Structures are given as C-alpha cells and as structure tokens.
Amino acid sequence: MERLKNLFSGLKWWKWAVLLIMPYVILMGFLVPLGQGITSITPGSTATGANINFRISAYNSQFSPDKSNTAWLKYHDLHLPAKLVKVLSPQEAEVIFDIPVLPDKSVKFADLSLIINTPEGPAVLPSAVSLRNIALDSTTIINEVWSDNKLNINKEANFNYPFRNLMAETIRNIYFHVPLWFAMTFVFMFSVFYSIRYLRKKDINDDQKALSLIAAGMLFGILGCITGAMWAKYTWGQYWSFDVKQNMAAISLLIYSGYFLLRKSLSDPDAKSRIGNIYSIFAFCMLIPLIFIIPRRYDSLHPGNGGNPALGADDLDNTMRTVFYPAVIAYICLGFWLAELNYRIIKIKNKIESHETYSK
Amino acid sequence: MKPILNEYFIMLFQADFLRSIGKIYVVAIVSLIVWFGVAWYLLRLERKLKDVENQIKSFKS
C-alpha cells in the first residue's frame, strides 16, 4: 500500500488526466456498439412502374417482425413509403415498393437513398438504388406518390456510434488517430513558446524544453501517419493515396525532422540552440498552412475538406464527442508527459557533463 | 484444442480477415500501433537514462 502511494505521489494533474482518461477512451472506444446500418441491397437498380422487392442485409440490426418497421426511398426532398417491410431475420429484410414516376420528368436517372426506420432507430443507405425515370403506359396503375412531408423517424434508442458504410467499425479510429494530430499540433505550439522564450532570454532550459516537446510531437506525427495509412488501406483502398492532407502532413514532418538534422550537424552548442530554435519557429509557421489551410482549399479524402470545416455535425455526432474530446485531452497530456521525462533526462545529463568539465 | 487453434489461424490469415466483423481489427491494429510507438519512445528514454546512470557511476568511482 505504501509502495502504491509512493508510485502516485507528486503526480501532476495532467499525468492523472492521462492515467484516468486513457482507460475511459479505450473502453468506450471499443465497447460502445455501432448503430445499425444497411450494408447491401439487391437489386441495385430499377425503373419506374415496377413493383419491386428489395432484399437488404444490415449490420448490427435487430429487425423483428413483431415491431413496426417502415422504410422509404428518398430522392432529394421527396420520399416514397414502402408498401411492406418483411423481416426475414434480425439482419435481413425485404422491402416492397411500387415506384411511381418522379414529378420532375426531365430527370432520366435518379440515385435513391433507402431509409429504414425501426424502434431502435433509423438506418440509411445513401445512393442505394439507381432509378430509371421513364413514363408509364396506361396499363400500370400506381397509387403511391412521391411526397415531401416530414418523415417520422424514431430517435436512436441506444448509446451508439453512427454507422457509416465505408467505415463501419473503423469509425472508432477517430479516438486513436485524430487526437494524435491534435496532440502533435498542441505540443508543437508549446515548443514554439519555449523557442521564443529561449531566443529572448537565452535560458538553456527553454531550449531543451522545446527540443523534448518537438521530439514528442514528432512521435505523434509519425504515429499519425502510420495509423492513418492503416486506416486508409481499409477505407480508401490504399495505404497512401496521395491525398492532399496525407502529403502535407508528411511534408510538415519532413520539415520538422530538419530540426533534428540541423541540431546534429552543428557542433557549437550556442549556435545549435539558437539556429535550432529559429528553425523550429519557422517549421511551425509552415505546419499551420500545410495541415490546416491547404488541404481545405482542395478536394481531399479527409472529411471537412473542400471548403467545410472539419468536426462538423456530419463527421462527429454528440455520442462521439463524449469520447473524442477526452481522448484529445489525454493524448495532449501524454505528449507532455513523454516530453517532460525526456527533458528531465537531458537536464541531468547536462548537469553531469558541466560538473565533469568543471572538475577536470 | 488443436483443431480450434487451426481454424483460428486459418481465419487470421485469410485475405479478408481485416475486413471481417465490420473491419473492427483495423481499429485494433491502429491502437496497437499507437501503443508500440509510445513503448518505443519509452525504451529510448530508458536507454538514455541508462547512459546517464552509467555516467554517474563512473563519476563516483
């Protein structure tokens, strides 16, 4: 008991934050289930006038014939209710539609989304069915109409993460990949603070604080690249698809690696710290446009690019926020912890070396 | 015991293992990468600390 007390005594609050929040993030990240989602629909195309049975299979769903299930096909603001939702199994169902002509006759082909509404909540498959919009002959009579009334969709019944088709369970990576970048930026920001303070006051401790913060930030950046590549392989199809944000992140990491090269290549300790710190300030000034501005000006596979700010309601819903923001805090504190350990070791080392030179 | 293990390995090395169960294993790998990265950093610190300790030792003797 005494040993346990010693282990935790004198821990600063941000280290406690790492110790307490990390398990929360891991537990919530892995254990909270995903909401239900539709994974496939057959047939994928149809024409107006058809009375058609779509067979859908779903993920994480609990379809039950005893409960009231409804479904719609949606085209922009218009929607068409299903005549019948026939549940085959908890993960499979048949939805039957009579499809009338779209009001806008000029549309030749329309991408319809499928919405299925169950007591557990809704599930949506975007661009589920491609509809050929052709005029009907007089023999086919369809009573259904496309309407633009408000849909009655049930609220999500459980605490779930949203289901996105391409991502499925990998949406949980938001808690393990994205905070790495947040932490990297934050840690680099503090390194700039210490770099400036070093250049003003010439206190060698500030230089070493900046150095260890940059080392920790680099670790997070490299990990961010690797985890991002892993995630990309199974969602975008390639480890490295030369997406703007991927490239720019790699470039900014290369710029930062120049900081270490510069320090290694200079032998004079004073020049080393001075030039290194000037370089790190410029490196941070490059990081901001490279990661936060340029990718937004171009089409990117990353969410929130091409003009829209990231982390809007489309990318992160409220249930995810309850885990994501603590994760960011925990990662930032972890970065500071790693940097601080490094800094303390460097400091002792310098003390010994100065002592040695003094005693010689 | 053996056949179960066998089946497990077959599952592990099939082409679409990482895509099974909604790609959940991708998340497992990503979190493991983060852990190994941090562990690698800690090991480096460990080595640095060892150097410092040795320096102190040689200094005292």
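In order, the protein sequences belong to chains A and B. Residues in the first sequence are numbered consecutively from 1, following the working numbering. Residues in the second sequence are numbered consecutively from 1001, following the working numbering. Just so it is clear, CB atoms sit at the ideal spot from N, CA and C, and this is done for glycine as well. Predicted model only: the values in this text are computed from it and were never measured.
Quick one: which chain B residues come within Cβ less than 7 Å of residue i?
i	result
His302 (chain A)	Neighbours of His302 (chain A) on chain B: none; closest Cβ ~16 Å, over 7 Å.
Arg172 (chain A)	Val1027
His177 (chain A)	Val1030
Leu316 (chain A)	The premise fails here: Leu316 (chain A) is roughly 16 Å from chain B at the closest Cβ pair, so nothing lies under 7 Å.
Using a beta-carbon distance below 8 Å, is residue i in contact with chain A?
i	result
Phe1017 (chain B)	no
Ser1031 (chain B)	yes
Leu1043 (chain B)	no
Lys1050 (chain B)	no
Ile1010 (chain B)	no
Using only CA atoms, which one of the options lies nearest to residue i?
i	options	result
Ala123 (chain A)	A:Val101, A:Phe163, A:Ile204, A:Asp299	A:Phe163
Asn51 (chain A)	A:Ile153, A:Met286, A:Ile141	A:Ile141
Leu341 (chain A)	A:His302, A:Lys209, A:Ile41, A:Val107	A:Lys209
Ser113 (chain A)	A:Ile226, A:Ser40, A:Leu290	A:Ser40
Ser257 (chain A)	A:Ala283, A:Phe242, A:Thr235, A:Gln62	A:Ala283
Ile332 (chain A)	A:Trp181, A:Thr42, A:Tyr59, A:Ser64	A:Trp181
Glu92 (chain A)	A:His79, A:Leu78, A:Lys5, A:Ile116	A:Ile116
Ser80 (chain A)	A:Asn143, A:Thr118, A:Ala216	A quick correction: the sequence has Leu, not Ser, at residue 80 (chain A). Looking at the Cα atoms, A:Asn143 is the closest of the given residues.
Phe188 (chain A)	A:Glu120, A:Leu125, A:Gly217, A:Trp236	A:Gly217
Leu1045 (chain B)	A:Leu262, A:Leu301, A:Ala215, A:Ile255	A:Ala215
Ile56 (chain A)	A:Gly29, A:Val95, A:Pro33, A:Thr46	A:Val95
Thr118 (chain A)	A:Val87, A:Val18, A:Ser195	A:Val87
Ile226 (chain A)	B:Gly1022, B:Val1034, B:Ala1028, B:Ser1020	B:Val1034
Met425 (chain A)	A:Val244, A:Tyr343, A:Phe324	No information on residue 425 (chain A) is available, as it lies outside the stretch 1 to 360 that chain A covers here.
Lys253 (chain A)	A:Ser45, A:Ile222, A:Phe159, A:Val101	Looking at the sequence itself, residue 253 (chain A) is Leu, so the reference to Lys does not match. Nearest of A:Ser45, A:Ile222, A:Phe159, A:Val101 to Leu253 (chain A), Cα basis: A:Ile222.
Ile293 (chain A)	A:Ile346, A:Lys351, A:Met248	A:Met248
Ile346 (chain A)	B:Lys1060, B:Asp1051, B:Ser1058	B:Asp1051
Ser106 (chain A)	A:Ala135, A:Trp231, A:Ile251	A:Ala135
Val129 (chain A)	A:Asp207, A:Thr42, A:Thr70, A:Ile204	A:Thr42
Leu316 (chain A)	A:Tyr239, A:Leu73, A:Ile174, A:Ala47	A:Ile174
Thr46 (chain A)	A:Asp111, A:Asp268, A:Gly121, A:Tyr59	A:Asp111
Indicate whether at least one CB of chain B lies closer than 8 Å to the CB of residue i.
i	result
Trp231 (chain A)	yes
Tyr234 (chain A)	yes
Lys349 (chain A)	yes
Asn342 (chain A)	yes
Ile345 (chain A)	yes
Thr319 (chain A)	no
Ile255 (chain A)	no
Thr185 (chain A)	no
Leu34 (chain A)	yes
Thr441 (chain A)	Chain A is shown only over 1 to 360; residue 441 (chain A) falls outside these bounds and no answer can be derived.
Thr322 (chain A)	no
Thr227 (chain A)	yes
Leu223 (chain A)	yes
Leu84 (chain A)	no
Leu7 (chain A)	no
Per DSSP, which residues does residue i bridge with? Please list them.
i	result
Val129 (chain A)	A:Leu112
Ala123 (chain A)	A:Ile116
Asp98 (chain A)	A:Asn51
Glu92 (chain A)	A:Ser57, A:Ser89
Tyr298 (chain A)	BP columns for Tyr298 (chain A) are empty, so no partner.
His79 (chain A)	A:Lys74, A:Ser147
Leu84 (chain A)	A:Ile96
Tyr161 (chain A)	A:Leu34
Against residue i, what residues of chain A qualify as contacts under a CB-to-CB distance less than 8 Å, listed in chain order?
i	result
Ile1056 (chain B)	Ile352
Ile1021 (chain B)	Glu169
Under 9 Å Cβ-Cβ, which residues of chain B neighbour residue i?
i	result
His79 (chain A)	Correct list: empty, because the minimum Cβ distance to chain B is about 28 Å.
Glu356 (chain A)	Gln1055, Phe1059
Tyr59 (chain A)	Gly1022
Leu219 (chain A)	Gly1037, Val1038, Trp1040, Tyr1041
Leu211 (chain A)	None at all; the shortest Cβ gap to chain B is about 13 Å.
Leu338 (chain A)	Val1038, Tyr1041, Leu1042, Leu1045
So with CB distances below 8 Å, who are the chain B contacts of residue i?
i	result
Leu180 (chain A)	Val1034
Quick check: is the beta carbon of residue i nearer than 8 Å to any beta carbon in chain D?
i	result
Arg164 (chain A)	Absent from the structure is chain D; the protein chains it does hold are A and B.
For a minimum of 3 consecutive residues, which ranges assigned as the beta strand (DSSP E) are wholly contained in the region 8-64 of chain A? For the region 8-64 of chain A, whole beta strand (DSSP E) runs of length 3 or above, ordered along the chain, are 37-42, 45-47, 51-59.
My parser needs the alpha helix (DSSP H) runs of 4 or more residues fully inside the region 177-221 of chain A; what are they? If we require 4 residues or more, the alpha helix (DSSP H) runs fully inside the region 177-221 of chain A come out as 178-201.
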